[in-house]
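Visitor: Take a look at this one; I'll ask things after.
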Amino acid sequence: MAETATAEKVAKKKEKPAPRIEVIDEFCKGCNICVDICPTNVLEMKPDPTRWVGAVVVVTRPEACTRCMLCEIHCPDFAIKVY
Ligand code: SF4
Ligand code: SF4
Numbered sequence: 019m020a021e022t023a024t025a026e027k028v029a030k031k032k033e034k035p036a037p038r039i040e041v042i043d044e045f046c047k048g049c050n051i052c053v054d055i056c057p058t059n060v061l062e063m064k065p066d067p068t069r070w071v072g073a074v075v076v077v078t079r080p081e082a083c084t085r086c087m088l089c090e091i092h093c094p095d096f097a098i099k100v101y
């Protein structure tokens with residue numbers, strides 16, 4: 019009984035919440051750096067003619083994110099955050 023409770027506690031500790039990726043649309047200039055650098059193809063460029071840059075990055079496969087932070091580190095405009 020006590021062993022089961024301990025095993026459950028350990029399992030809970032190991033569980034991490036899924037990564038949350040936030041794109042700050044106003045800052046994104048559609049340069050494609052984050053799309054190119056993401057090793058698991060989480061991000062895509064979406065055409066948006068209403069924007070002066072003509073495109074904005076969108077998160078299409080959040081479940082594939084490994085929280086490697088490459089997108090956040092390389093974005094020149096601080097437009098993408100990973101939590
Ligand atoms: S690197 Fe930054 S500015 Fe460039 S497309 Fe990605 S979020 Fe937008
Ligand atoms: S943190 Fe890594 S895996 Fe997740 S979206 Fe950014 S580059 Fe892709």
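Numbering of the sequence shown is given in my numbering, commencing with residue 19 and proceeding in unit increments.
Ideal Cβ placement from N, Cα and C applies to all residues, glycine included.
Considering Cα atoms alone, identify which of ASP66, VAL60, VAL71 is closest to CYS49.
Guide: Measuring from the Cα of CYS49, the nearest candidate turns out to be VAL71.
Visitor: For the beta strand (DSSP E) that ILE39 lies in, which residues bound it at each end?
Guide: Where ILE39 is concerned, the enclosing beta strand (DSSP E) stretches over 39 to 41.
Visitor: For the beta strand (DSSP E) that VAL100 lies in, which residues bound it at each end?
Guide: VAL100 -> beta strand (DSSP E) spans 98 to 100.
Visitor: Take the Cβ of ALA18 as the centre, count every other Cβ of all protein chains shown within 10 Å, and call the residue buried at 16 or more, exposed below.
Guide: Outside the displayed range of the chain (19 to 101) lies residue 18, so it cannot be described from this structure.
Visitor: Using alpha carbons as the reference points, say which of LYS99, PRO65, PRO94 lies closest to ILE51.
Guide: Ranking the options by Cα distance to ILE51, first place goes to PRO94.
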